[in-house]
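Residues in the sequence shown are numbered from -14 upward in steps of one, following our numbering. I have placed the structure first, in the form of structure tokens, so that the comments after it can refer back to it.
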Amino acid sequence: MREGYSILLELSDADPFFDKKKRLLNDMGFDVKEIVHIKSSLDRDSLSTTLNQMLQIARIIHLDEVELYFGQIGGLGFYSPRKEMEAQNFILSLIKSALSHHVRMQTHALQDLRDALINRIHELGTEFKVENKIDINYKCDKEKCLLQWAENNGAKTRLQIAFVEGAGRGAIAMEDMEVGDIAMEIPASITISEDLVYKSDMYQVLEKIDGMSSETMSLLWCMKERHNCNSQFKMYFDTLPENFNTGLSFGVEAIMALDGTLLFEEIMQAKEHLRVQYDELFPALSKDHPDIFPPELYTWEQFLWACELWYSNSMKIMFADGNLKTCLIPVAGFLNHSLHPHIVHYGKIDSTTNSLKFRLSRPCSAGEQCCLSYGNFSGSHLITFYGFLPQGDNPYDVIPLDFEVDQVDTMVECPLSNWTTHMVRGTWLSENQNIFYYGLPSPLLDCLRSARSQMPFTKTLIKENMEVDKEILEDLQSTFNAMMENLSDMDSVDRESSSWDVKLASQFKEMQRRIVSSILTSCSTGIKLVEHELSKCKAEE
């Protein structure tokens, strides 16, 4: 009988990228159901080896589409800080579960493994810790009243609300908190969801409208309830801003400045969709039911305000009965987004306490802003629906590519050509970069090369492949040169006197220019590498 413990790490069959992840796991010598055996006692080297093995598997299990796409070179994978933290916390949960099942046994090895992992989580948190500047002149009277109301209704929090420079209102830790600590707990009874609509007089009207979603019903309910002086949620509505300043409220100058960018398309499509949705409902509902839908409360401007509220503040929550609902969570809305969040998993009601718990995935020090992740969103999405561009390099700021690759289908099958869409993002060629990828995503180049890796590497074919690579890089260079020309700089914009939306548009264009510039650098460097290799081949002939 084997001494020690066994922990199972399993890739779910339901994972939408099961085949790709299975291939990565197999390439690294793992199975989709990998049992890691842990000796009853571990020296320092064995502990490190075991932990690294578990993390390798966990990282692949937690990869999303973008990370899989950009992580194909050498099978190494790309792991964002958030995903690294997810992998670490996943392993931590497995270790804690193993400890709970071995309460009567000597568990020194598991405890040592847990402690080593927590140390790594601390190191990761320290690396991405951000110093915040609090505006002490901002009085949070309304926010304090909301906190008191929430606590009177059963909420618990170790956070306070303050105005953070560059971020607006945020949640600040009042004390040091560790991995696994609950920073905030909100009872389900004070969440705003579709259940409130079902109890209102407008439900009998809305339920008869074809295609009416629960999210739209909740939005319409809020448009009226925010003006109700006797509302249970008056304290909450009082803390909401008059303007959310998302991309949906961009003025003409900002919109025109974005012409030719992905953000321009996203904002215009979103506003068009919302306008069509509004026109399908109003003024018809106000004419037919003026007592339920007073026309002065259901204007286009107020509809857009409510849309911005729900886009920027709502969360999808799984309730104890198994129903997934889109909700507004009073107080929790002050938790801002970060590329390096403290809280990652927060979308499930605890059936024991009937509350939503915001548990830390990494430590948060007293005075530090406590952040969560809104999701794997690009900068254009965050501006359009949330009204900000995150600080730092966002791994989800990608540029989709649209090109014909029909010729690939007639060639030898390439193991990476089963991607239906292709994309690029900011990239910098490292000294150890494989010459065959030039700092660009391998699925893209492999697709364009038509299964290059299947060909025998004779000197003649290597030369032919290099010539193909040069053509590909030159085509990509031409494409992105044209894109760079469309991204004219905004140096003439007066940042100090510009409106908030023009400033945000300028920041987005600068970010896009950095991405395109880095891709052009990769293409240029790649062309030089290929020309150098071709000259060597010619000299050897």
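Glycine included, every Cβ here is placed at the ideal spot set by N, Cα and C. A quick note: this is a predicted structure, and the numbers were derived from the prediction, not measured.
Which of helix, strand or coil DSSP assigns to residue i
i, result
"V329", "coil"
"A168", "strand"
"R347", "coil"
"K184", "coil"
"Q462", "helix"
"Q376", "coil"
"S507", "helix"
"C312", "strand"
"C399", "Reliability of the predicted coordinates at C399 is poor, the pLDDT of 46 falling under 50, and the value obtained from them is presented with this limitation in mind. In this structure, C399 counts as coil in the three-state DSSP scheme."
"T443", "The predicted model places T443 with a pLDDT of 49, which falls under 50 and marks its position as unreliable, so this point remains unresolved."
"F370", "helix"
"M197", "coil"
"E(-5)", "strand"
"M159", "coil"
"L131", "helix"
"S415", "Because the pLDDT of S415 is 37, which lies under 50, any placement of that residue in the model is unreliable, and the number read from its coordinates should be weighed accordingly. The answer is coil: DSSP assigns S415 none of H, G, I, E or B."
"G520", "As written in the sequence, residue 520 is Ser, which differs from the Gly given in the question. Residue state, collapsed to three classes: helix."
"L53", "helix"
"L429", "helix"
"S299", "strand"
"S365", "helix"
"S340", "strand"
Bridge partner(s) assigned by DSSP for residue i
i, result
"F319", "According to DSSP, which records beta bridges pairwise, F319 is partnered with nothing at all."
"Y(-10)", "I23"
"T142", "M169"
"I384", "V409"
"R154", "F148"
CB of residue i within 8 angstroms of CB of residue j, strictly
i, j, result
"A43", "F75", "yes"
"C355", "A168", "yes"
"V501", "D454", "no"
"N230", "G364", "no"
"C214", "A291", "no"
"A158", "G352", "yes"
"L345", "H327", "yes"
"V149", "P348", "no"
"L243", "A490", "yes"
"D161", "S31", "no"
"F493", "L386", "no"
"L204", "L191", "no"
Closer than 7 angstroms: residue i CB and nearest the ligand HEM heavy atom
i, result
"Q145", "This structure does not include the ligand HEM; it has no bound ligands of any sort."
CB contact below 8 angstroms: residue i versus chain C
i, result
"A147", "The chain labelled as chain C is not found in the depicted structure, where only one protein chain is given."
Same chain, Cβ closer than 7 angstroms to residue i, neighbours up to 5 away in sequence not counted
i, result
"A(-1)", "none"
"G(-11)", "H22, I23, K24, S25, A94"
"G318", "N298"
"T443", "Residue placement at T443 is poorly supported in this model, since its pLDDT is 49, which falls under 50; the coordinates are not used for a value here."
"F531", "There is no way to answer for residue 531, as the model of the chain reaches only from -14 to 526."
"K272", "none"
"H107", "P348"
"I20", "S(-9), L(-7)"
Contacts around residue i, its chain only, beta-carbon distance under 6 angstroms, and the 5 residues preceding and following it disregarded
i, result
"L429", "H407"
"T533", "This structure cannot settle anything about residue 533, because the visible part of the chain is limited to -14 through 526."
"K141", "E170"
"D486", "F235, G236, A239"
"H517", "none"
"K333", "M303"
"L247", "S365"
Cβ-based neighbour list, residue i, same chain, cut-off 8 angstroms, excluding 5 preceding and 5 following
i, result
"A255", "G232, L233, T369, F370"
"L259", "L233, F288, L289, C292"
Could you tell me which uninterrupted alpha helix (DSSP H) segments, each at least 4 residues in length, are contained entirely in the stretch 209 to 293, listed from first to last along the chain?
219 to 224, 237 to 242, 247 to 266, 269 to 273
Counting only runs of 4+ residues fully inside the stretch 68 to 127, write out the alpha helix (DSSP H) ranges in chain order.
93 to 112
Scan the stretch 5 to 50 and note each continuous alpha helix (DSSP H) run of 4 residues or more that stays entirely inside, going in chain order.
29 to 46
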